[in-house]
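Residue numbers (my numbering): 5 to 891.
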Amino acid sequence: MKKLFLIDGNSFCYRAFYAIANLSASNGQPTNAVYGFVVMLNKIIKDQKPDYIVASFDRKEPTFRHKKFDGYKIHRKPMPDELVSQLPIIKSVLEAYRVPVFELAGFEADDILATIVKKCRQRDDLEIYIATGDKDALALVDSRTFVYSPNNFNGDFIYDQQAVKEKFGVLPCQMVELMALMGDASDNIPGVPSIGPKTASSLITEFSSVENLLNNIDMVKRESTRELLKKNTELLNLSRELAQLDADVPIDFAVEDLKIKNPDQNKLYSLFKELEFKKLLKGLAPDTAVQEDVNYILVDTDEKFDKLLKSIAGLTEFALDFETTGTDPMQAVPVGVSFCYKPKEAYYVPVKKIDGIFKKLKPILENEKIGKVGQNIKYEILILKNQGIELKGVIFDTMVASYLLNPSKSNHNLEDIAFEYLDYRMNPVIEDLLGKGKSAITMDQVDVDKVCRYCCQDSDITMRLKNVLSVQLQEKGLYELFFNIELPLVYVLAQIEYAGVRIDTGYLAKMSTRLKKDLDNLTARIYEIAGGEFNINSPKQLSAILFDKLKLRVVKKTKTGVSTDESVLQVLAAEHALPDAILQYRQLFKLKSTYVDALPELVNKKTDRLHASFNQTVTATGRLSSSEPNLQNIPVKTDIGRQIRGAFISKGKQNRILSADYSQVELRILAHISGDSDMIEAFKSRRDIHTHTASLIYNVKEEDVDSKMRSSAKTVNFGIIYGMSPYGLSKDLRISVEEATIFIDAYFARYPKVKAYMQDSIEAARSKGFVTTLMDRRRWIPEINSLNVNIRQFAERTAINTPIQGSAADLIKIAMININSQLRKKNMKTSMILQVHDELVFDVPEEETKEATALIRDLMEHAIELKVPVEASLKIGENWLDMREIK
Numbered sequence: 005m006k007k008l009f010l011i012d013g014n015s016f017c018y019r020a021f022y023a024i025a026n027l028s029a030s031n032g033q034p035t036n037a038v039y040g041f042v043v044m045l046n047k048i049i050k051d052q053k054p055d056y057i058v059a060s061f062d063r064k065e066p067t068f069r070h071k072k073f074d075g076y077k078i079h080r081k082p083m084p085d086e087l088v089s090q091l092p093i094i095k096s097v098l099e100a101y102r103v104p105v106f107e108l109a110g111f112e113a114d115d116i117l118a119t120i121v122k123k124c125r126q127r128d129d130l131e132i133y134i135a136t137g138d139k140d141a142l143a144l145v146d147s148r149t150f151v152y153s154p155n156n157f158n159g160d161f162i163y164d165q166q167a168v169k170e171k172f173g174v175l176p177c178q179m180v181e182l183m184a185l186m187g188d189a190s191d192n193i194p195g196v197p198s199i200g201p202k203t204a205s206s207l208i209t210e211f212s213s214v215e216n217l218l219n220n221i222d223m224v225k226r227e228s229t230r231e232l233l234k235k236n237t238e239l240l241n242l243s244r245e246l247a248q249l250d251a252d253v254p255i256d257f258a259v260e261d262l263k264i265k266n267p268d269q270n271k272l273y274s275l276f277k278e279l280e281f282k283k284l285l286k287g288l289a290p291d292t293a294v295q296e297d298v299n300y301i302l303v304d305t306d307e308k309f310d311k312l313l314k315s316i317a318g319l320t321e322f323a324l325d326f327e328t329t330g331t332d333p334m335q336a337v338p339v340g341v342s343f344c345y346k347p348k349e350a351y352y353v354p355v356k357k358i359d360g361i362f363k364k365l366k367p368i369l370e371n372e373k374i375g376k377v378g379q380n381i382k383y384e385i386l387i388l389k390n391q392g393i394e395l396k397g398v399i400f401d402t403m404v405a406s407y408l409l410n411p412s413k414s415n416h417n418l419e420d421i422a423f424e425y426l427d428y429r430m431n432p433v434i435e436d437l438l439g440k441g442k443s444a445i446t447m448d449q450v451d452v453d454k455v456c457r458y459c460c461q462d463s464d465i466t467m468r469l470k471n472v473l474s475v476q477l478q479e480k481g482l483y484e485l486f487f488n489i490e491l492p493l494v495y496v497l498a499q500i501e502y503a504g505v506r507i508d509t510g511y512l513a514k515m516s517t518r519l520k521k522d523l524d525n526l527t528a529r530i531y532e533i534a535g536g537e538f539n540i541n542s543p544k545q546l547s548a549i550l551f552d553k554l555k556l557r558v559v560k561k562t563k564t565g566v567s568t569d570e571s572v573l574q575v576l577a578a579e580h581a582l583p584d585a586i587l588q589y590r591q592l593f594k595l596k597s598t599y600v601d602a603l604p605e606l607v608n609k610k611t612d613r614l615h616a617s618f619n620q621t622v623t624a625t626g627r628l629s630s631s632e633p634n635l636q637n638i639p640v641k642t643d644i645g646r647q648i649r650g651a652f653i654s655k656g657k658q659n660r661i662l663s664a665d666y667s668q669v670e671l672r673i674l675a676h677i678s679g680d681s682d683m684i685e686a687f688k689s690r691r692d693i694h695t696h697t698a699s700l701i702y703n704v705k706e707e708d709v710d711s712k713m714r715s716s717a718k719t720v721n722f723g724i725i726y727g728m729s730p731y732g733l734s735k736d737l738r739i740s741v742e743e744a745t746i747f748i749d750a751y752f753a754r755y756p757k758v759k760a761y762m763q764d765s766i767e768a769a770r771s772k773g774f775v776t777t778l779m780d781r782r783r784w785i786p787e788i789n790s791l792n793v794n795i796r797q798f799a800e801r802t803a804i805n806t807p808i809q810g811s812a813a814d815l816i817k818i819a820m821i822n823i824n825s826q827l828r829k830k831n832m833k834t835s836m837i838l839q840v841h842d843e844l845v846f847d848v849p850e851e852e853t854k855e856a857t858a859l860i861r862d863l864m865e866h867a868i869e870l871k872v873p874v875e876a877s878l879k880i881g882e883n884w885l886d887m888r889e890i891k
């Protein structure tokens, strides 16, 4: 039997639209429905292997059903604008797939499908599958006609005659009769009032059809049902007419016209590229790496290597790429290195094949006059540092350049950048060589010829990208930011990571013991309150205790059941003791597992230090992030959380930990960029900004501001930066929305230029598509023009916040570069060891304390000159917790 697949276009569109949230192209065009539609279409083609395929769509014009019944589909919400805008694109995709599409004014997609089914049933060699989520099509099911219902969670389901009977209690040919009786809320088919699915099913089972039922109405056993039918005979007949599909739609086609064809690859490629469907594109893209004529040379003898050295020693620039045994540069062992200085030609040198390779490379790699290009070149800097080489002359990092051009992108690996900017599909990729999961091997176990091709390709593509990305940076006004801040910062971050920080593992072991005792006590208390033991870490078991056993109210539901997340427990904590105890348990459990027990495992056995990774290509605002561990997430708002900082100690008894933290830097930047005179004056006169704001809002003297007033003003000050709404403020301050509105209005009345700045930022984002920081860092915000209110409002908050957050990032990055430069210039032993939010942490020899303190404070406070003074708060101590302030 051959297969014919009929796709209910509207059903698929809706299913895709609601299955995937918030997906848009960089120009703001929503693409979630298109993407989901393509995924479902591909799945049908791949898994079901249809011989024939066709799609149908509804039209916006009224149908014959609307003419019969004014209330038809009256309750159905209009199609969301974000979905409407995607319909033409979906039809273009179907055209590229060469799938015939039928639609006709006055008829629904279901009617067209019924018409196609009727004609195609004449062929006895066809099995017909109707791909839809609507139950109307179930009426068409017979021995060779099925309904295919796509389902992401439980697998796709195919309805045959038996499946329809099991679910609805009637045969497929009786589905129209069933719907006539019980109605259909989605289409507003009225049915007979008070007759539900169970009664309708039993009536059809007994009488077979509506017509036979009405002809034998006196035989209906239950009097109340009999009276309902007599009273609503006209409505019942109308409902049957509305439910009946029209299988005689005037469309002209031959079955052979529906034969599946190979997609138009060029059209699909263009569409997917425009829509930024990278994953789908990779399945279409030509295998550039295989097609290209490249010259990748294995340098595996001293003679070949000496010849290569002479070549690169006379160059002005080259790209390099190291292959190693792992991703941690502080532990990885070099396997080989490739060099590229012209497109499509590269050289791979296996480390073990060349005697004294690093000694021979050192003069070239430390020569500042020869430019070095890399992808994530910080990795190469650290690998070489461990070999006693200071990589100098770095002139380009393709990963950092890609990040600056599109900071909202989720990753900037070489494979993705090459595909985006060069239309180049890399082959092989890392998984081809190493495999995945537990069976993965390391690069030193891979055949040298394979490593040669892979590594040479990396340096070759990196060199090609450098030329393309340089132009892009210039065109978008990001050239100076790249070369003056981001590229120099690569060296600084490498220095911080290499230095590492000493961890007091004994301190953490004692803390772990205390936390275990606290957790054991909490566990016993939780069991007592709950009235029995259960797995506290299991959301399912906790849900059963809270909502089934204790009968607490359900606050929020998810796709998998009732939510027991932190926000839910906080609400329920006011009503019962158990949620509060669970919150305490989770806090201590996370603290113990994520930091107290995990930090000692991260200590490098060779250096006896913790070497965190600092990432400059992750956050959309320009701020740095860290991993292994995530230092930004170390809790500091609770006493127990702050104690973790006590484990971060100086490298020796003669050294101290110095912390330098910017004071209210985001508010100072807000004052500067908004130009609000009152806020500027408050900072200039060194007044407490929160007390000052409270005095303005409450209309009292500063000396009359109490702690509660100041706390409320502080919430508003920082909330405004993030575009906080009256509702958000009301929740934070536990006041009514009306009071919060008055509060915010009073704030803007006192700081009018802050409101003007917010409005200007939103308008700038709307007109230009991006916002900028003080150092011209850009963040593209295509969602600012979204048709979805929630997405648009989030984009507006982003437009307000990014110039502030991003400028704070610029400020601390410049400070880091300048401080690192001066420390090296003065040959000081003070080293920068951590960067967390607006704070820099240093390991300082006692004898350098005075000089280091003055230098760090000065360079932090004058990194960027603002209209207001920038202040850094400095503290010093034997660890990161027990510190005294340096005035």
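The beta-carbon is built from N, C-alpha and C at its ideal position, and this holds for glycine as well.
Along the alpha helix (DSSP H) that carries residue i, what are the first and last residues, could you check?
i      : result
Lys759 : Pro756 to Lys772
Thr527 : Thr509 to Ala534
Gln636 : No alpha helix (DSSP H) contains Gln636, which DSSP labels as neither H nor E.
Ala184 : Met179 to Met186
Lys235 : Glu227 to Lys235
By how many angstroms is the C-alpha of residue j removed from the C-alpha of residue i?
i      : j      : result
Thr209 : Pro154 : 29 Å
Val450 : Leu438 : 7 Å
Phe157 : Thr564 : Note that Phe157 has pLDDT 48, beneath the 50 cutoff, so the model's placement of it is unreliable and no number is given.
Gly173 : Ser243 : 19 Å
Asn805 : Ile725 : 6 Å
Tyr407 : His416 : 7 Å
Gln591 : Ala602 : 15 Å
Asp569 : Met515 : 27 Å
Ile489 : Asp814 : 8 Å
Pro347 : Thr402 : 15 Å
Ala204 : Gly773 : 56 Å
Asp304 : Ile374 : 24 Å
Met832 : Pro543 : 53 Å
Gly810 : Asn721 : 18 Å
Glu435 : Lys286 : 15 Å
Ser699 : Lys705 : 6 Å
Pro604 : Asp12  : 57 Å
Sorted by chain position, which residues of the same chain lie with C-beta nearer than 6 Å to residue i's C-beta, five sequence neighbours on each side aside?
i      : result
Lys53  : none
Asp115 : Leu249, Asp250 and Val253
Assuming residue i and residue j form a contact by the criterion Cβ under 8 Å, report the distance between their Cβ atoms to the nearest whole angstrom.
i      : j      : result
Gly32  : Glu767 : Contact flag wrong, Cβ pair sits at about 15 Å.
Asp665 : Glu843 : 4 Å
Lys366 : Ile393 : 5 Å
Val669 : Val874 : 7 Å
Cys456 : Tyr300 : 6 Å
Counting only beta-carbon atoms, is residue i nearer than 8 Å to chain C?
i     : result
Ser15 : Checking the listed chains, one finds no chain C in this structure; it contains a single protein chain.
Which first and last residues belong to the beta strand (DSSP E) in which residue i is found?
i      : result
Ala338 : In the sequence under discussion, the amino acid at residue 338 is Pro, which differs from the Ala named in the question. It spans Pro338 to Lys346 - the beta strand (DSSP E) in which Pro338 sits, taken as one unbroken run.
Glu99  : From DSSP, Glu99 is part of no beta strand (DSSP E) but of the alpha helix (DSSP H) over Leu91 to Ala100.
Ser716 : Looking at the DSSP string, Ser716 is not in any beta strand (DSSP E); the run it does join, the alpha helix (DSSP H), is Ser711 to Ile725.
Please work out which residues of its chain come closer than 8 Å, Cβ to Cβ, to residue i, disregarding the five sequence neighbours upstream and downstream, and give them in chain order.
i      : result
Glu280 : Ala29, Ser30 and Thr35
Glu889 : Ser877, Leu878 and Lys879
Using a Cβ-Cβ cutoff of less than 7 Å, which residues in the same chain neighbour residue i once the five nearest sequence positions on both sides are dropped?
i      : result
Ala100 : Pro267, Asp268, Lys271, Leu272 and Leu275
How about residue i: is its Cβ closer than 7 Å to a heavy atom in the ligand ATP?
i      : result
Glu855 : Judged by which ligands are present, the structure shown has none, so any question about the ligand ATP falls away.
Please determine if the segment 220 to 240 and the segment 188 to 208 are in contact, where contact requires at least 3 C-beta pairs separated by less than 8 Å. Short answer: they touch.
Are at least three pairs of beta-carbons, each pair with one atom in the segment 90 to 102 and one in the segment 13 to 32, less than 8 Å apart? yes
Flag this pair as touching only if the segment 522 to 529 and the segment 655 to 664 have three or more C-beta atom pairs under 8 Å; answer yes or no. no
Pairs of beta-carbons, one from the segment 531 to 548 and one from the segment 610 to 628, closer than 8 Å: are there three or more? no
Could you check whether the segment 574 to 588 touches the segment 493 to 511, counting it as contact only if at least three pairs of C-beta atoms, one from each stretch, sit closer than 8 Å? no
Answer yes if the segment 740 to 758 comes into contact with the segment 454 to 471, meaning at least three C-beta pairs across the two stretches below 8 Å, and no otherwise. no
Under 8 Å, with one C-beta from each stretch per pair, do the segment 702 to 720 and the segment 773 to 783 reach the 3-pair mark? no
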